[in-house]
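What follows is one structure encoded as structure tokens, with my remarks underneath.
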Amino acid sequence: MLFKKIFVLYSFFLSGAVVLSGCGLGTEGSHEHSADSACIENAKEITTSDNRTLCVTLTSFKADSPFEAGFKAPGKSTQTVFISDSAGSPINVTNDAVITGISQYPMMFMNNGHKHSAPYKAADVTAAEYGVYNLDVYYPMPSVKMDGTSTGRWEYRVMLTDNNGTADDTTDDKLHTLSFEPAVEMLMSSKVFRAIAKNESDTYKNAMGITAPRRYSVWLESVAKVVSGEAVVKVYLTAEDMQHSSMTMGKPTAREAEHVHGDGGAMGDADSQTYPAVHAPMDMMGTIMKTILHDAVGTVADVATVSVKASTDNGITWTTLTAGMTHKELGYYSAPVPMTAGDVDMKIKVTVDGNVMTKTGAAADGIETTAMPSLLFSATE
Ligand SMILES: [Cu+2]
């Protein structure tokens, strides 16, 4: 009965392939399930402050073109969290009496002892009435190498805000934390969904304690269908830093989880790599949102100017991508870019505070065809 109800809900929303078991989920969760468990296999259980048992599952079963389903790196992974009660009815965090927010927190524990986070998106709650939440992560590194060996372990936490049964009282809210362990696999196709670029004059002290050029990542976020010789491309720009520095990061308040995105940042850990969104200062109704980066000696520097351009003719002509202007869009850049359907090689030119970022970190010297990194993807019409 329970299985059937959940299956019906899933099918209704997905109207496609359903992957509930196995796929990328760690096996540890199964230990938590006794024979009389209220939740299906691979689901995590919590008990709310009003004494309900909730079942939470994590899957990555579909993705919009040009992305592939599944937990893949490097690049954006499209992830779905499904929350139901023990009877299989969906939990809607936008109107539930007690559970009022959802957020995520990815962290990789490397076999070499280092740890780092990943950039992630705000939770998409537009399908909350079905108990379905989209929580995308931009994984910088796989946990499973091409030959099947492990590089470490991704711990992916889903946090649910519980208002302790007291409506409109945020002071005694608590977080339920559910830990999943997705096996993040190396992207096997010839596509490139993350372009890395740097500049020798923009350095910081990295996770190994070495002063090196800061790596900027341009993550492909979406490519719309080609219409009249162009397609709207959106990318997300992050930098590497060693301290929690993104002002867009934070614990979600009730009903506000959808406004929070961030770098999965350090949360007090001075030794973990972070990936703050990079954008020029933006005035958000009187609050100046800015990207704060640290150099090799820990000095704080505000990012003042950012430019992101794309070229699909090998660096001859460049299209300026427009910076997102809302809280949710900070660090995102988009514009219609000329292209035809099929394989696209899109060069990316990022300039931060006057420093043009190249593949090697050396100056481009006008040879932009080879100096600039590419995003490789298939466009459709
Ligand atoms: Cu790693």
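Each residue of the sequence shown is one higher than the one before, starting from 1130 at the first, in the working numbering. The beta-carbon is built from N, C-alpha and C at its ideal position, and this holds for glycine as well. Model, not experiment: these values are computed from the prediction.
With 16 other Cβ atoms within 10 Å as the buried cut-off, status of residue i
i	result
LYS1303	exposed
LYS1173	buried
GLY1277	exposed
MET1396	Interpretation of MET1396 is limited by its pLDDT of 42, a score under 50 that renders its predicted location unreliable; the figure taken from the coordinates is listed afterwards. By the 10 Å Cβ count, MET1396 comes out exposed.
ASN1484	buried
ASP1472	exposed
PRO1311	buried
MET1486	buried
GLY1415	exposed
GLU1510	exposed
SER1189	buried
ASP1225	buried
GLU1458	buried
THR1499	exposed
SER1514	No statement about residue 1514 is possible, as the shown extent of the chain runs from 1130 to 1510 and does not include it.
VAL1426	exposed
GLY1338	exposed
GLY1242	exposed
GLY1217	buried
Distance cut-off 7 Å: residue i Cβ against heavy atoms of ligand 1
i	result
GLY1242	no
Opening and closing residue of the beta strand (DSSP E) in which residue i lies
i	result
GLU1350	1345-1352
PHE1263	The residue asked about is misnamed: residue 1263 is Asn in this sequence, not Phe. Its beta strand (DSSP E) spans residues 1261-1263.
ALA1402	Per the sequence shown, residue 1402 should be read as Gln rather than Ala. Per DSSP, GLN1402 belongs to no beta strand (DSSP E) and is neither H nor E.
ARG1282	1281-1291
LYS1476	1471-1481
CYS1184	1182-1188
GLN1233	1228-1239
GLY1204	1204-1206
Range of the contiguous alpha helix (DSSP H) that encloses residue i
i	result
ALA1500	1497-1500
Whether residue i touches residue j by CB criterion (8 Å)
i	j	result
VAL1407	THR1367	yes
PRO1219	GLU1258	yes
VAL1254	PRO1235	no
THR1403	MET1371	yes
THR1186	VAL1227	no
THR1290	THR1229	yes
HIS1447	LYS1488	Correcting the residue type first, residue 1447 is Trp in the shown sequence and not His. It is not a contact, given that the beta carbons lie outside the stated cut-off.
VAL1287	VAL1210	yes
THR1420	VAL1432	yes
GLY1453	MET1501	no
THR1441	MET1468	yes
ASN1335	ALA1326	no
SER1318	GLU1170	no
ALA1324	ALA1508	no
VAL1352	PHE1506	yes
Exercise for review: For ligand 1, list every residue whose C-beta falls under 5 Å from any of its heavy atoms, going in chain order.
Suggested key: MET1237, MET1239 and MET1270
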